[in-house]
Amino acid sequence: MPMTVITLTKVSPSLRGDLTKWMQEIATGVYVGNFNSAIREKLWQRVKDNLKTGEATLSYSCRNEIGYDFEIGHSGRERIDYDGIPLVFIKKETCEPSKSETKKSFSRAANFRKAKRYAAAGNVEQSNHFPYIVLDLETDGLDEKKNKIIEIGMIKVKSDEKETFHALIEREVTLPREIIGLTGISDELLSREGIPLEEALRTGLEFIGDYPIVGYNVAFDIGFINRALIEIGEDTLKNKTIDLKQLVKKEKRFLRNYQLQTVIKDYNMDQKVPHRALEDAELIAELATKVNEFSKIQKGDGLK
Numbered sequence: 001m002p003m004t005v006i007t008l009t010k011v012s013p014s015l016r017g018d019l020t021k022w023m024q025e026i027a028t029g030v031y032v033g034n035f036n037s038a039i040r041e042k043l044w045q046r047v048k049d050n051l052k053t054g055e056a057t058l059s060y061s062c063r064n065e066i067g068y069d070f071e072i073g074h075s076g077r078e079r080i081d082y083d084g085i086p087l088v089f090i091k092k093e094t095c096e097p098s099k100s101e102t103k104k105s106f107s108r109a110a111n112f113r114k115a116k117r118y119a120a121a122g123n124v125e126q127s128n129h130f131p132y133i134v135l136d137l138e139t140d141g142l143d144e145k146k147n148k149i150i151e152i153g154m155i156k157v158k159s160d161e162k163e164t165f166h167a168l169i170e171r172e173v174t175l176p177r178e179i180i181g182l183t184g185i186s187d188e189l190l191s192r193e194g195i196p197l198e199e200a201l202r203t204g205l206e207f208i209g210d211y212p213i214v215g216y217n218v219a220f221d222i223g224f225i226n227r228a229l230i231e232i233g234e235d236t237l238k239n240k241t242i243d244l245k246q247l248v249k250k251e252k253r254f255l256r257n258y259q260l261q262t263v264i265k266d267y268n269m270d271q272k273v274p275h276r277a278l279e280d281a282e283l284i285a286e287l288a289t290k291v292n293e294f295s296k297i298q299k300g301d302g303l304k
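Numbering of the sequence shown is given in full-length UniProt numbering, commencing with residue 1 and proceeding in unit increments.
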């Protein structure tokens, strides 16, 4: 069992007493013990519940790149994850930025729609930038070799207009319960409004054309699309791609994590990620207008 170290300052005697049941106090406020992760988590929760004005840290052995991990109970410090490496983020008090963006209410319509044109929204002027496709998929799992596409959403951002493409994919196999819970897509919905994957792909290829493809962790989406294209005898996508996730990592190096929900909040976007292909593509398209690294690519006259 891995060794655990807890340090405390300005805490109640009762908490110190609880810790000494499992750990040895080797110096004032420094406790060392050897127990499993379940006990460690319960002890740390006990510490956090009783930490008022004091400070606390938890350090323990971990199978990561540096061999250990830690937690912090301190109002001015926060543990963050940087590509698998835990770091300490020292908070700086700043004025909360005003959030002028209003929440979008996305259509939940699931029927297949070919390009519907409407005026582009957003705060960044797009007229002088290259056109691109924003792509997002919903799938029944994470493995492109085993799992299948259940929904495709795309937005074509071109000059001062946008076009959308959306398709639900029919299937014969029951969806996993966790996918239904995450996306709200049901077997009944796919049976009622889904279309054959081949039809969606061929129409989608016409929609994409030669435009660059933008996504969030776009390699995931391209991998599923290309696997499906091979299965129907089509060539794989050769379009240039831009991964907003990688651009955000370059621009925001110390976020707690790089999940889409965390990222859009950091860019002052109030929406919740709905885990629906077209609605998520809308969020990604809006995020693209706020990422400076993406703007630099556009101002550089496109992709190299």
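No residue lacks a Cβ here, since even glycine has one placed at the ideal position from N, Cα and C.
Residue interval of the alpha helix (DSSP H) (run including Phe207): The residue labelled residue 207 in the question sits at position 207 within the sequence shown. From DSSP, the alpha helix (DSSP H) with Phe207 extends over 197-208.
For the 8 Å Cβ check, are there 3 or more pairs between the region 209-224 and the region 178-190? no
Leu168: which of Pro196, Lys146, Glu161, Lys156 sits nearest, CA to CA? Counting from 1 along the sequence shown, the entry for residue 168 is found at position 168. Per the Cα distances, Pro196.
Can you give the Cα-Cα distance for Phe70 and Ala288, rounded to whole angstroms? Numbered from 1 along the sequence shown, position 70 holds the residue referred to as residue 70. Numbered from 1 along the sequence shown, position 288 holds the residue referred to as residue 288. Using only the alpha carbons, I get a separation of about 34 Å.
Report yes if the CB atom of Ala38 is closer than 8 Å to the CB atom of Ile6, and no otherwise. Against the sequence shown, residue 38 aligns to sequence position 38. Against the sequence shown, residue 6 aligns to sequence position 6. No; because the gap between Cβ atoms is not below 8 Å, this pair is not in contact.
My output table needs one value for Asn226: the three-state DSSP class, helix, strand or coil. Position 226 of the sequence shown, counted from the start, is the residue given in the question as residue 226. In the structure shown, Asn226 sits in a helix (DSSP, three-state: H, G or I).
Under the rule that 16 or more other beta-carbon atoms within 10 Å means buried, what is Ala27, buried or exposed? For this step, residue 27 is matched to residue 27 along the sequence shown. Ala27 should be labelled exposed.
Beta-carbon gap between Gly204 and Ile152 smaller than 8 Å: Looking up residue 204 in the sequence shown gives position 204. Looking up residue 152 in the sequence shown gives position 152. Cβ atoms of Gly204 and Ile152: closer than 8 Å.
Gln261, DSSP secondary structure in three states: If you number the sequence shown from 1, residue 261 lands on position 261. If DSSP states are grouped into helix, strand and coil, Gln261 belongs with the helices.
Residue of Arg253, Val218, Gly194, Pro2 minimising C-alpha distance to Phe89: One-based indexing of the sequence shown puts residue 89 at position 89. Closest option to Phe89, Cα to Cα, is Arg253.
Does DSSP classify Leu135 as helix, strand or coil? In the sequence shown, residue 135 corresponds to position 135, counting from 1. Looking at Leu135 - three-state DSSP - the assignment turns out to be strand.
Would you mind reading off the limits of the alpha helix (DSSP H) that contains Phe294? Counting from 1 along the sequence shown, the entry for residue 294 is found at position 294. Counting along the chain, the alpha helix (DSSP H) containing Phe294 begins and ends at 292-299.
Which whole-angstrom value describes the C-beta separation of Tyr258 and Lys290, a residue pair presumed to lie in contact below a C-beta threshold of 8 Å? Here residue 258 refers to the residue found at position 258 of the sequence shown. Here residue 290 refers to the residue found at position 290 of the sequence shown. 15 Å between Cβ atoms; not a contact.
Apart from the five residues on each side of it in sequence, which residues of its chain come closer than 7 Å, Cβ to Cβ, to Thr262? In the sequence shown, counting from the first residue as 1, residue 262 sits at position 262. Closer than 7 Å at the Cβ level, and outside the excluded window around Thr262, lie Leu255, Arg256.
Which of helix, strand or coil DSSP assigns to Lys245: Taking the sequence shown and counting its residues from 1, the one referred to as residue 245 is at position 245. Here Lys245 sits in helix by DSSP.
Need the endpoints of the beta strand (DSSP E) that Gln24 sits in, please. Position 24 of the sequence shown, counted from the start, is the residue given in the question as residue 24. Gln24 -> beta strand (DSSP E) spans 24-27.
Alpha carbons only, please: which of Lys156, Leu247, Glu138 is nearest the one belonging to Lys148? Here residue 148 refers to the residue found at position 148 of the sequence shown. Cα-wise, what sits closest to Lys148 is Glu138.
With a Cβ-Cβ cutoff of 8 Å, do Glu144 and Gly223 count as a contact? As a working mapping, residue 144 is identified with position 144 in the sequence shown. As a working mapping, residue 223 is identified with position 223 in the sequence shown. Between Glu144 and Gly223, the gap from beta carbon to beta carbon is short of 8 Å.
Let me know the secondary structure DSSP gives Ser186 once reduced to three states. By one-based count along the sequence shown, residue 186 stands at place 186. The answer is coil: DSSP assigns Ser186 none of H, G, I, E or B.
Could you round the C-beta distance between Leu278 and Thr183 to whole angstroms and report it? I think they count as a contact, below 8 Å. In the sequence shown, residue 278 corresponds to position 278, counting from 1. In the sequence shown, residue 183 corresponds to position 183, counting from 1. With 8 Å as the limit, Leu278 and Thr183 do not qualify as a contact, their Cβ atoms being about 12 Å apart.
With DSSP run on the structure shown, which of helix, strand or coil describes Lys148? The residue given as residue 148 occupies position 148 in the sequence shown. Here Lys148 sits in coil by DSSP.
May I ask which residues mark the beginning and end of the alpha helix (DSSP H) holding Ile284? Taking the first residue of the sequence shown as position 1, residue 284 is located at position 284. For Ile284, the uninterrupted alpha helix (DSSP H) segment begins and ends at 277-288.
Name the two residues that bound the continuous alpha helix (DSSP H) containing Asp18. Here the question's residue 18 lines up with position 18 in the sequence shown. From DSSP, the alpha helix (DSSP H) with Asp18 extends over 13-20.
Pick out whichever of Asn34, Asn217, Ser295, Gly54 has its Cα sitting closest to the Cα of Leu142. The sequence position of residue 142 within the sequence shown is 142, counting from 1. For Leu142, the closest alpha carbon among the candidates Asn34, Asn217, Ser295, Gly54 is that of Asn217.
So, Ala228 versus Leu201, is the Cβ gap smaller than 8 Å? Translated into positions along the sequence shown, residue 228 becomes position 228. Translated into positions along the sequence shown, residue 201 becomes position 201. It is a contact, given that the beta carbons lie within the stated cut-off.
Where does the unbroken alpha helix (DSSP H) through Ile169 begin, and where does it stop? Working through the sequence shown from its first residue, we reach residue 169 at position 169. Here Ile169 belongs to no alpha helix (DSSP H), and DSSP marks it neither H nor E.
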